[in-house]
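Undergrad:
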Amino acid sequence: MKILALLIVALCGGVLLYATMDFPAWGDPASPASIHVSPRYLEKALTETAVPNVVTAVLADYRGYDTMFETSVIFCAGVACFVLLRVFGKSRQDRYYRHVPTGIVIHIQDRSQIEEKPDEFERIDAEWTPYDLIIKTLCRFLVPFIQLFALYVIAHGHHSPGGGFQGGVILGASIILLAISFNLRSAVTRVPEKVNALLSAAGVLIYAGTGAVCVAFGAHFLDYAGLSGILPGGAVEARSYGIFAVEIGVGIAVMGVMIAIYSLLASEGWLEEGL
Amino acid sequence: MIWQLDLAVLTLVIVCAVAAISVKDLLGSAILFGAYSFMMCLLWAVMGAVDVAFTEASVGAGVSTVFFVAAVFRTTRETKD
Numbered sequence: 008m009k010i011l012a013l014l015i016v017a018l019c020g021g022v023l024l025y026a027t028m029d030f031p032a033w034g035d036p037a038s039p040a041s042i043h044v045s046p047r048y049l050e051k052a053l054t055e056t057a058v059p060n061v062v063t064a065v066l067a068d069y070r071g072y073d074t075m076f077e078t079s080v081i082f083c084a085g086v087a088c089f090v091l092l093r094v095f096g097k098s099r100q101d102r103y104y105r106h107v108p109t110g111i112v113i114h115i116q117d118r119s120q121i122e123e124k125p126d127e128f129e130r131i132d133a134e135w136t137p138y139d140l141i142i143k144t145l146c147r148f149l150v151p152f153i154q155l156f157a158l159y160v161i162a163h164g165h166h167s168p169g170g171g172f173q174g175g176v177i178l179g180a181s182i183i184l185l186a187i188s189f190n191l192r193s194a195v196t197r198v199p200e201k202v203n204a205l206l207s208a209a210g211v212l213i214y215a216g217t218g219a220v221c222v223a224f225g226a227h228f229l230d231y232a233g234l235s236g237i238l239p240g241g242a243v244e245a246r247s248y249g250i251f252a253v254e255i256g257v258g259i260a261v262m263g264v265m266i267a268i269y270s271l272l273a274s275e276g277w278l279e280e281g282l
Numbered sequence: 076m077i078w079q080l081d082l083a084v085l086t087l088v089i090v091c092a093v094a095a096i097s098v099k100d101l102l103g104s105a106i107l108f109g110a111y112s113f114m115m116c117l118l119w120a121v122m123g124a125v126d127v128a129f130t131e132a133s134v135g136a137g138v139s140t141v142f143f144v145a146a147v148f149r150t151t152r153e154t155k156d
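Just so you know, the sequences run in chain order A and B.
For my numbering, count along the first sequence from 1 and bump the result up by 7.
For my numbering, count along the second sequence from 1 and bump the result up by 75.
1) Starting from the C-beta of residue 118(A), find all residues in its chain whose C-beta is less than 6 Å away, skip the five residues before and the five after it, and write them out in chain order.
2) So, does the CB of residue 203(A) fall closer than 9 Å to a CB anywhere in chain B?
3) Where does residue 105(A) fall in DSSP's three states?
4) Write down every uninterrupted run of the alpha helix (DSSP H) in the region 141 to 207 of chain A whose length is 4 residues or greater and which is fully enclosed by it, in chain order.
5) Please list, in chain order, the chain A residues whose beta carbon lies closer than 9 Å to that of residue 122(B).
6) Contact criterion: CB-CB distance below 9 Å. Does residue 92(B) meet it with respect to chain A?
7) One question on the structure: do residue 264(A) and residue 85(A) come within less than 9 Å of each other, judged by their Cβ atoms?
8) Which full runs of the beta strand (DSSP E) of 3+ residues lie inside the region 54 to 138 of chain A, going along the chain?
9) Name the two residues that bound the continuous alpha helix (DSSP H) containing residue 262(A).
10) In chain order, what residues of the same chain lie with their CB nearer than 6 Å to the CB of residue 75(A), ignoring the 5 residues before and after it?
11) Let me check one thing: in DSSP terms, what residues is residue 100(B) bridge-paired to?
12) Look at the Cβ atom of residue 101(B), then the Cβ atom of residue 154(B), and state whether they are nearer than 9 Å.
13) Specify the secondary structure class of residue 223(A) as computed by DSSP and reduced to three states.
14) So which residues on chain B does residue 168(A) lean against when the C-beta distance must stay under 7 Å?
15) Alpha carbon to alpha carbon, what distance is there between residue 146(B) and residue 134(A)?
16) Under 9 Å between C-beta atoms, does residue 108(B) make it to chain A?
17) If you pair each beta-carbon of the region 215 to 222 of chain A with each one of the region 35 to 42 of chain A, do three or more pairs fall below 8 Å?
18) Starting from the Cα of residue 268(A), find the closest Cα among 62(A), 78(A), 67(A) and 88(A) and give me that residue.
19) Going by the CB atoms, is the gap between residue 171(A) and residue 258(A) shorter than 9 Å?
20) Using 8 Å as the cut-off, can you tell me whether the region 232 to 249 of chain A makes contact with the region 53 to 61 of chain A, which would need three or more C-beta pairs spanning the two stretches below that distance?
21) Determine whether the beta carbon atoms of residue 261(A) and residue 210(A) lie at a separation below 9 Å.
22) Could you round the C-beta distance between residue 144(B) and residue 111(B) to whole angstroms and report it? I think they count as a contact, below 8 Å.
23) Restricting to Cα atoms, I'd like to know which of 128(A), 208(A) and 92(A) is closest to residue 102(A).
See below:
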């Protein structure tokens, strides 16, 4: 049976490899993709949208619908993870508290709680390793810089590679780093679950809302030229601002979903103890 | 890119891909998948698709590796087959 499976896989791979021979050569200027719409984008993108990075102009403006539904897909992934994994109520696991001055760990089995104070008791995970001072200090130092870089990636997507998706992922990763280097509870107290869910929904709403505002000003849905009525500059600058607005929406949505998926996965849906 | 280097990266992509699905240790598999993503990111950057390379580096190599590790942490580290 295994040999048969290997044979089928090898055959399929061979056929696929054979089919790639019909592809145009890499970078071929005469390939169908390069002669159909690409030249128009390359020639007109800068004058029509005032965005030097053609990729951003195509993704957020010319192909705005695609990106809007991609954002919705990511939001749906977050909702699906929530529905599948989230468990409400108190965790069935026993709780562990560490007395900070002495280092004695108290194991509580009946799910009652001890009041947490910074210099008395702190709650620790069941699989607890002592905090490493170097990792803790370095991660606390790094997180703001990572977030600053993420904001730069979102804001500078007009001029350089980057944009909402990448910036949102990096923003989410900074909170995930916090959750890994400290513990999940400290990350969840900084970005509470409800705030996170609201943020990811708000991101999609910002994107769709930008399109709706365009409709309100008499333009087509997601035709940012319609925003010129409320923004300084002409129609071209309005398209640039519109792209910026939807990038912010994408970034917020992606950030929320990444944090939600991580915290649900790492805590088995309890959002109490995690990696 | 120098074609020898290109060939080396392509070989590493295939080696990482085969290793990621054949190792028994799922944590190792997750890390190998991250390495695979980084190699793909290099290839995208070489082909001039810098935006795709950026996405691959942040999503493929960064966050999805963390998701895999979190899933392995909460399930099991050994494969059944």
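Ideal Cβ positions, reconstructed from N, Cα and C, are used throughout, including at glycine.
Keep in mind it's a predicted model, so treat the numbers as computed, not measured.
TA: Put simply:
1) Position 111 of the first sequence, counted from the first residue, corresponds to residue 118(A). Cβ neighbours of residue 118(A) beyond the five flanking positions: 97.
2) One-based indexing of the first sequence puts residue 203(A) at position 196. No, residue 203(A) lies away from the interface with chain B (no Cβ there is under 9 Å from its Cβ).
3) Sequence index remark: in the first sequence, residue 105(A) carries index 98 (1-based). Reduced to three states, the DSSP call for residue 105(A) is strand.
4) Within the region 141 to 207 of chain A, the complete alpha helix (DSSP H) segments of 4 residues or longer fall at 171 to 188 and 191 to 197, listed in chain order.
5) Sequence index remark: in the second sequence, residue 122(B) carries index 47 (1-based). Per Cβ cutoff of 9 Å: 33 and 34.
6) The count along the second sequence starts at 1 and reaches residue 92(B) at position 17. Not closer than 9 Å to any Cβ of chain A, the Cβ of residue 92(B) fails to qualify, so no.
7) The residue given as residue 264(A) occupies position 257 in the first sequence. The residue given as residue 85(A) occupies position 78 in the first sequence. Yes, the Cβ-Cβ distance between residue 264(A) and residue 85(A) is below 9 Å.
8) 102 to 106, 112 to 115 and 128 to 131
9) Start at 1 with the first residue of the first sequence, and residue 262(A) comes out as number 255. According to the DSSP assignment, residue 262(A) belongs to the alpha helix (DSSP H) that extends over 242 to 273.
10) Here residue 75(A) corresponds to residue number 68 of the first sequence, with the count starting at 1. Cβ neighbours of residue 75(A) beyond the five flanking positions: 214.
11) Within the second sequence, residue 100(B) is the residue found at index 25, counting from 1. Paired residue(s): 153(B).
12) Start at 1 with the first residue of the second sequence, and residue 101(B) comes out as number 26. Start at 1 with the first residue of the second sequence, and residue 154(B) comes out as number 79. Cβ distance < 9 Å, so residue 101(B) and residue 154(B) count as in contact.
13) As a position in the first sequence, residue 223(A) is number 216, starting the count at 1. Helix at residue 223(A).
14) Reading the first sequence from its first residue, position 161 is the one you call residue 168(A). Simply 125, 126 and 129.
15) On the first sequence, residue 134(A) is found 127 positions in, with the first residue counted as 1. On the second sequence, residue 146(B) is found 71 positions in, with the first residue counted as 1. Residue 134(A) and residue 146(B): Cα-Cα distance of roughly 16 Å.
16) In the second sequence, counting from the first residue as 1, residue 108(B) sits at position 33. Not one chain A Cβ lies under 9 Å of residue 108(B).
17) With fewer than three CB-CB distances shorter than 8 Å, the region 215 to 222 of chain A does not count as touching the region 35 to 42 of chain A.
18) As a first step, residue 268(A) is located in the first sequence; it is residue number 261 there, counting from the start. For the residues 62(A), 78(A), 67(A) and 88(A), the minimum Cα distance to residue 268(A) belongs to 88(A).
19) What you label residue 258(A) is simply residue 251 of the first sequence in a count that begins at 1. What you label residue 171(A) is simply residue 164 of the first sequence in a count that begins at 1. Against a cut-off of 9 Å, the Cβ pair of residue 171(A) and residue 258(A) comes out as a contact.
20) yes
21) As a position in the first sequence, residue 261(A) is number 254, starting the count at 1. As a position in the first sequence, residue 210(A) is number 203, starting the count at 1. Going by C-beta atoms, residue 261(A) is nearer than 9 Å to residue 210(A).
22) Taking the second sequence and counting its residues from 1, the one referred to as residue 144(B) is at position 69. Taking the second sequence and counting its residues from 1, the one referred to as residue 111(B) is at position 36. Actually they are not in contact, since the Cβ atoms of residue 144(B) and residue 111(B) sit about 15 Å apart, beyond 8 Å.
23) If you number the first sequence from 1, residue 102(A) lands on position 95. It is 128(A) whose Cα lies nearest to the Cα of residue 102(A).
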